[in-house]
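Before any comments, here is the structure.
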Amino acid sequence: MAVTAVDFAASAHDLVQREATERGVADLITPVVADVSSWRPEISSLDIIAIVEKRSAQQ
869 MAVTAVDFAA SAHDLVQREA TERGVADLIT PVVADVSSWR PEISSLDIIA IVEKRSAQQ
């Protein structure tokens, strides 16, 4: 299974790549730096879309 990870912050992709490398799955992730509200994937290229928000403990 391959994953396309879209985020507007390149720093988020850095974190994902570090975690993926540690787990041996970095070659399965394609990072895309873009605004997810306007980014459009190739037609029929995605099976699942998930929006994940990480909040700090203070919120």
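For the numbering used here, add 868 to where a residue sits in the sequence shown, where the first one is 1.
For glycine and all other residues, C-beta sits at the position ideal for the given N, C-alpha and C.
Candidates the options: closest to residue i by CA position
i: M869; options: A877, Q885 and I897; result: I897
i: S905; options: H881, E890 and A918; result: A918
Any non-hydrogen atom of the ligand MN closer than 8 Å to residue i Cβ
i: A888; result: Among the ligands in the structure shown, none appear at all, so the ligand MN cannot be discussed.
Unbroken alpha helix (DSSP H) run spanning residue i, endpoints
i: V884; result: A878 to R891
Strand pairing of residue i, partner residues [DSSP]
i: P899; result: A873
Close-in-space but distant-in-sequence residues of the same chain around residue i (CB under 6 Å, 5 per side omitted)
i: D903; result: F876
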